[in-house]
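**Q**
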Amino acid sequence: MSDYKVQLEVFEGPLDLLLYLIKKEEVDIYNIPIARITSQYMEYMDLMKMIVPDVAGEFVVMGATLMYIKSRMLLPEDQQVSDPEASADELDPRWDLIRQLVEYKKFKEAAEHLHKRELFQESVYTRQRSEAALEPSVGRDPNLGDMSVFDLLNAFNLVLKRVDQAEDLREIFEDRFTVSDKIDFILRLTAVEERTAFSRLFEGTASRMEVIVTFLALLELIRLKQLRVEQSSIFGEIDIVRLKPEPTSSIKESSS
Amino acid sequence: MELKSLIEAILFAAQRPLSIKEIKVLLVNPAETEESEPTRAFKKTREAEISAAIQELKVDYTQQGRGFQVQEVAGAFQLVSHPQFAPWLKPLFDEHRFHRLSQPALETLAIIAYRQPITRTDIESVRGVMVDGVIQTLLERGLITLTGRAEAPGRPMLYGTTRAFLEHFGLNDLNELPAIEELRRRNLQWTAPTGQPDVNPSAEQTGEPADVEPAPASPTN
Numbered sequence: 217m218s219d220y221k222v223q224l225e226v227f228e229g230p231l232d233l234l235l236y237l238i239k240k241e242e243v244d245i246y247n248i249p250i251a252r253i254t255s256q257y258m259e260y261m262d263l264m265k266m267i268v269p270d271v272a273g274e275f276v277v278m279g280a281t282l283m284y285i286k287s288r289m290l291l292p293e294d295q296q297v298s299d300p301e302a303s304a305d306e307l308d309p310r311w312d313l314i315r316q317l318v319e320y321k322k323f324k325e326a327a328e329h330l331h332k333r334e335l336f337q338e339s340v341y342t343r344q345r346s347e348a349a350l351e352p353s354v355g356r357d358p359n360l361g362d363m364s365v366f367d368l369l370n371a372f373n374l375v376l377k378r379v380d381q382a383e384d385l386r387e388i389f390e391d392r393f394t395v396s397d398k399i400d401f402i403l404r405l406t407a408v409e410e411r412t413a414f415s416r417l418f419e420g421t422a423s424r425m426e427v428i429v430t431f432l433a434l435l436e437l438i439r440l441k442q443l444r445v446e447q448s449s450i451f452g453e454i455d456i457v458r459l460k461p462e463p464t465s466s467i468k469e470s471s472s
Numbered sequence: 033m034e035l036k037s038l039i040e041a042i043l044f045a046a047q048r049p050l051s052i053k054e055i056k057v058l059l060v061n062p063a064e065t066e067e068s069e070p071t072r073a074f075k076k077t078r079e080a081e082i083s084a085a086i087q088e089l090k091v092d093y094t095q096q097g098r099g100f101q102v103q104e105v106a107g108a109f110q111l112v113s114h115p116q117f118a119p120w121l122k123p124l125f126d127e128h129r130f131h132r133l134s135q136p137a138l139e140t141l142a143i144i145a146y147r148q149p150i151t152r153t154d155i156e157s158v159r160g161v162m163v164d165g166v167i168q169t170l171l172e173r174g175l176i177t178l179t180g181r182a183e184a185p186g187r188p189m190l191y192g193t194t195r196a197f198l199e200h201f202g203l204n205d206l207n208e209l210p211a212i213e214e215l216r217r218r219n220l221q222w223t224a225p226t227g228q229p230d231v232n233p234s235a236e237q238t239g240e241p242a243d244v245e246p247a248p249a250s251p252t253n
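Chains as they are written, first to last, in the working numbering: chain A, 217 to 472; chain B, 33 to 253.
#1: Just to make sure I have the definition right: I need the residues of chain B whose C-beta is within less than 8 Å of the C-beta of Y320(A). Which are they?
#2: Report, in whole angstroms, the separation of the C-beta atoms of F109(B) and I86(B), which I expect to be a contact under 8 Å.
#3: Would you identify the three-state DSSP class for R252(A), choosing helix, strand or coil?
#4: Please compile the residues from chain B whose C-beta is within a distance smaller than 8 Å of the C-beta of G229(A).
#5: For E409(A) and R416(A), what's the separation of their Cα atoms in angstroms?
#6: DSSP state of Q237(B), grouped into three classes?
#7: Which residues, in chain order, does the stretch 82-98 of chain B contribute to contact with chain A at a C-beta distance below 7 Å?
#8: Taking 7 Å as the threshold (C-beta atoms), are L330(A) and A142(B) in contact?
#9: Give a yes or no on whether 7 Å exceeds the smallest Cβ distance from G165(B) to chain A.
#10: Roughly how many whole angstroms lie between the Cα atoms of P136(B) and D244(A)?
#11: What in chain C is Cβ-close to A142(B), meaning under 7 Å?
#12: Cβ closer than 8 Å: which chain A residues qualify as neighbours of P136(B)?
#13: Confirm, please, whether the CB-CB distance from L237(A) to I253(A) is below 7 Å.
#14: Just checking: is the beta-carbon of L440(A) within a distance shorter than 7 Å of some beta-carbon in chain B?
#15: In three-state DSSP terms, what is Y191(B)?
#16: Report yes or no: is there a C-beta of chain B within less than 7 Å of the C-beta of S339(A)?
#17: When you compare the CB positions of E453(A) and A413(A), do they come within less than 7 Å of one another, or not?
#18: Give me the subset of the stretch 192-210 of chain B whose CB atoms are less than 8 Å from a CB atom of chain A, sorted by chain position.
#19: Looking only at its chain, what residues have a beta carbon closer than 6 Å to the beta carbon of F227(A), apart from the 5 residues adjacent to it on each side?
#20: Could you tell me which residues DSSP pairs with F109(B) in its beta bridges?
#21: Whole angstroms is fine: what's the gap from L171(B)'s alpha carbon to R187(B)'s?
#22: In chain order, what residues of the same chain lie with their CB nearer than 6 Å to the CB of L5(B), ignoring the 5 residues before and after it?
#23: Report the residue from R216(B), I39(B), L89(B), G160(B) whose alpha carbon sits nearest the alpha carbon of P149(B).
#24: Following the continuous alpha helix (DSSP H) through G180(B), name the residue where it begins and the one where it ends.
#25: Helix, strand or coil for L233(A)? Go by DSSP, reduced to three states.
#26: Using a Cβ cut-off of 7 Å (strictly closer), state whether R458(A) contacts chain B.
#27: Does the beta-carbon of S113(B) have 16 or more other beta-carbons within 10 angstroms, so that it is buried, or is it exposed?
#28: Evaluate contact between the stretch 118-132 of chain B and the stretch 331-343 of chain A, counting only Cβ atoms and requiring at least three cross-stretch pairs below 8 Å.
#29: Counting only the same chain and skipping the five closest in sequence on each side, list residues whose C-beta sits under 8 Å from that of E139(B).
#30: Please list, in chain order, all residues of the same chain as R439(A) whose beta carbon is under 8 Å from its beta carbon, the five residues on each side excluded.
#31: Just checking my contact of R333(A) with L203(B) at CB under 8 Å: how many whole Å lie between their CB atoms?
#32: For the stretch 317-325 of chain A and the stretch 195-209 of chain B, state whether three or more C-beta atom pairs, one from each stretch, are separated by less than 8 Å.
#33: Does the distance from the C-beta atom of L89(B) to that of V105(B) stay below 7 Å?
#34: Does the beta carbon of I285(A) fall short of 6 Å from some heavy atom of the ligand FAD?
#35: In chain A, which residues lie less than 7 Å from S113(B) when you measure between Cβ atoms?
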């Protein structure tokens, strides 16, 4: 079992395997000898199948893509599908694959660079390196009471009761609330200020279903470590705290 | 009292990287809370003076061959030991102090860092493999975060890197990533274009399998 794990980790995916083959065969990435590379690729697939019976789907898909490109290359030029709009490069059946490979290769190099930076960071020590110190809000603040899931459930229950009283039980509510919409809503709400009152999430909620869905969305965001809940006093208002600072957005799209 | 020494003391005692602004607050505030001759002296310290003092510290440490140096991470400063002393410092720390990222995590993170905000599908079309698990790990480690939703069918989530990402790699900002200009562009050119710039990604889509679909370049911001 552990053997094949190692094998699989050598190639992160079909693109990785292709890059390896291109390097091994010492061929030009911009002019891949598709027949040769395809047969090499298939050989590796067979090899992998011996070790893992169900080779990951993406490897199979890439195999099919290679075969398809190979078959298109075999067609005489005047019978190839042509698009008058396309440039000479794009007419090459390999164009899309090559574009993808070149791009992947660049990111692989970028990842390699990140790894080097990581190794450097690993070798420098700060006087006190604790994750809590880097992010004070994550650490325990003695001024804030501990909050358990039960406190949160309790607060949720209160909101539910309020809604139950207001809800007209005979009316059938259509299912128009989804967790992902509510995640959206909560993210938007919490984006404005770092702390948002728990009750604000439920302002304007009319149905039991909506309250439940909103609560599920909140739990999901807590699980994803986007938010955290805090209570400043026993039975006090619960605050939703945005955990991560605004993502660094120094990269602006140059154009759209 | 010298500003440089004071800042050195602050950086030494701080438990996290401090930005110039934070240092300024630390320098200026005591003049009000515990007014005295020395505190008043720093009441009007300007940010430029702080940067200059930090630069001086950097030079001092290098020239004197000190065991530590000033590092700038995510726009904040901290004192760190010189990397060459790592073998001797290692035993002082928990071996799980630093978690290296796996190859899939690094590749995924690189794509997110350069192309943010980006959807999972777009990451997958670059890597050619599924990235669900990796994304989950990166989210849990706080290296990436949800930044919103794309204006695409299904309104998929968009991901971006966080401050913790910069800290993990000791980066000051995203512009320190190599080839940032080139890699953040979506449609890479790979030969000299023969005619007009090709802005027609559907042209090469003549019945290809769906997995080689080019990344749609429609970020929302």
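Quick reminder that beta carbons are idealized off the backbone N, C-alpha and C, glycines included.
Here the structure is a predicted model, which means the values were calculated and not measured.
**A** A quick look at the data gives this:
#1: Those are V158, R159, G160, listed as they occur along chain B.
#2: Confirmed, Cβ separation roughly 6 Å.
#3: Here R252(A) carries a helix assignment [DSSP, helix/strand/coil].
#4: R159, G160, V161, listed in chain order.
#5: Answer to the nearest angstrom: the Cα atoms are 12 Å apart.
#6: Since pLDDT at Q237(B) reaches only 37, below the 50 mark, its modelled position is unreliable, and no value is offered.
#7: Here the close residues number zero.
#8: Yes, these two residues count as a Cβ contact at 7 Å.
#9: Chain A contact via Cβ: absent.
#10: A direct Cα-Cα distance of roughly 25 Å separates P136(B) from D244(A).
#11: Of the protein chains in this structure, namely A and B, none is chain C.
#12: Those are E228, listed as they occur along chain A.
#13: The answer is yes: Cβ separation under 7 Å.
#14: Chain B, which has a Cβ nearer than 7 Å to the Cβ of L440(A), makes this yes.
#15: In this structure, Y191(B) counts as strand in the three-state DSSP scheme.
#16: At least one chain B Cβ lies under 7 Å of S339(A).
#17: For the 7 Å CB-CB criterion, E453(A) and A413(A) form a contact.
#18: The residues in question are G192, T193, T194, R195, A196, F197, L198, E199, H200, F201, G202, L203, D205, L206, N207, L209, P210.
#19: These residues qualify, in order along the chain: L233.
#20: Answer is L50(B), E104(B), bridged to F109(B).
#21: Cα to Cα, L171(B) sits roughly 19 Å from R187(B).
#22: With chain B covering only 33 through 253, there is no way to say anything about residue 5(B).
#23: Checked all of R216(B), I39(B), L89(B), G160(B); the closest Cα to P149(B) is R216(B).
#24: Not the alpha helix (DSSP H): G180(B) falls in the beta strand (DSSP E), residues 176-181.
#25: Three-state DSSP puts L233(A) in a helix.
#26: The beta-carbon of R458(A) is placed no less than 7 Å from the nearest beta-carbon of chain B.
#27: Buried, because 16 or more other Cβ atoms sit within 10 Å of the Cβ of S113(B).
#28: Taking 8 Å as the limit for Cβ pairs, the verdict is that the stretch 331-343 of chain A does touch the stretch 118-132 of chain B.
#29: Excluding residues within five positions, the ones whose Cβ falls inside 8 Å are R159.
#30: If we look at R439(A) and ignore the five residues flanking it on each side, it has no Cβ neighbours.
#31: Confirmed, Cβ separation roughly 7 Å.
#32: Too few Cβ pairs lie closer than 8 Å, so no.
#33: No.
#34: In the structure shown, the ligand FAD is absent, as is every other ligand, since no ligand is present at all.
#35: Within chain A, V340, Y341 have C-beta atoms less than 7 Å from the C-beta of S113(B), given in sequence order.
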